[in-house]
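Peer 1:
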Amino acid sequence: MTRQMLIDKIVYMLREEGTLEKSNYCTRVEQCQDVKKVIEKCLDGYEIIEGKVLLREGV
1 MTRQMLIDKI
11 VYMLREEGTL
21 EKSNYCTRVE
31 QCQDVKKVIE
41 KCLDGYEIIE
51 GKVLLREGV
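Sequential numbering from 1 applies to the sequence shown in the UniProt record's numbering.
1. Check for me: the beta strand (DSSP E) holding K22 runs from which residue to which?
2. Based on DSSP bridge pairs, tell me the residues matched to L54.
3. Relative to the C-alpha of Q4, which residue among I48, V38 and T27 is closest?
4. Could you check which residue in V53, C42 and V29 has the C-alpha nearest to that of M13?
5. Below 9 Å between beta carbons: does that hold for E17 and D34?
If you want it as structure tokens, here you go:
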């Protein structure tokens, strides 16, 4: 997976989860926490090595 594909996947997931909509949150801290959770979920099972996103072995 390329870096741009990963970015696109993360942005898509953020939009799907509604985490980019400010109106869904009382504070920016809550919004940032949810953004972090979505990104961690998206990166689970992957490693970034020399700019390439690789699926971790055994996952």
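Backbone N, C-alpha and C define an ideal beta-carbon position, used for all residues, glycine too.
Peer 2: Based on what the coordinates show:
1. In the sequence shown, the residue the question calls residue 22 occupies position 22. First-last for K22: undefined, no H or E at that position.
2. As a first step, residue 54 is located in the sequence shown; it is residue number 54 there, counting from the start. L54 pairs with E47.
3. Counting from 1 along the sequence shown, the entry for residue 4 is found at position 4. Here the closest residue by C-alpha is I48.
4. Working through the sequence shown from its first residue, we reach residue 13 at position 13. For the residues V53, C42 and V29, the minimum Cα distance to M13 belongs to C42.
5. As a first step, residue 17 must be located in the sequence shown, where it is residue number 17. As a first step, residue 34 must be located in the sequence shown, where it is residue number 34. Cβ distance < 9 Å, so E17 and D34 count as in contact.
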